[in-house]
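Undergrad: Once you've had a glance at the structure underneath, I'll fire off some questions.
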Amino acid sequence: MKNLKLIFQAATVFIGTIVGAGLASGQEITQFFSTYGFSSFYGLLLCAVFYIIISSIIVSISLKYDLNSY
Numbered sequence: 001m002k003n004l005k006l007i008f009q010a011a012t013v014f015i016g017t018i019v020g021a022g023l024a025s026g027q028e029i030t031q032f033f034s035t036y037g038f039s040s041f042y043g044l045l046l047c048a049v050f051y052i053i054i055s056s057i058i059v060s061i062s063l064k065y066d067l068n069s070y
């Protein structure tokens, strides 16, 4: 249970600082990508994949160097 609490804390900090409120709520995504119609789906997908890759790299580096301060 303690491990789950630590995971939740790290995820909350990550979402709050990196993602931000506009992106987490979907408002920013809707306003930016919906103006281009259905073709914007490809851009959204590309951004999501890129975001996952970059986030994974950041987490890997912080684990490798035992960084515990956010």
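Going by my numbering, the sequence shown opens with residue 1, and the numbers climb by one from there.
Every residue, glycine too, gets a C-beta built ideally from N, C-alpha and C.
Since the structure is predicted, the reported quantities are computational estimates derived from the model, not experimental observations.
Taking the continuous alpha helix (DSSP H) assigned at residue 45, which residues delimit it?
TA: Within the sequence shown, residue 45 is the residue found at index 45, counting from 1. Residues 40-64.
Undergrad: Is residue 25 closer than 8 Å to residue 33 when the C-beta atoms are compared?
TA: Locating residue 33 in the sequence shown gives position 33, counting from the first residue. Locating residue 25 in the sequence shown gives position 25, counting from the first residue. No, the pair does not count as a contact, with Cβ atoms beyond the cut-off.
Undergrad: How is residue 68 classed by DSSP in three states: helix, strand or coil?
TA: On the sequence shown, position 68 is the one that residue 68 refers to. Residue 68: coil per DSSP, three-state reduction.
Undergrad: I'd like to check one pair, residue 44 with residue 29: are the Cβ atoms closer than 8 Å?
TA: By 1-based counting over the sequence shown, the position of residue 29 is 29. By 1-based counting over the sequence shown, the position of residue 44 is 44. In contact: residue 29 and residue 44 (Cβ atoms closer than 8 Å).
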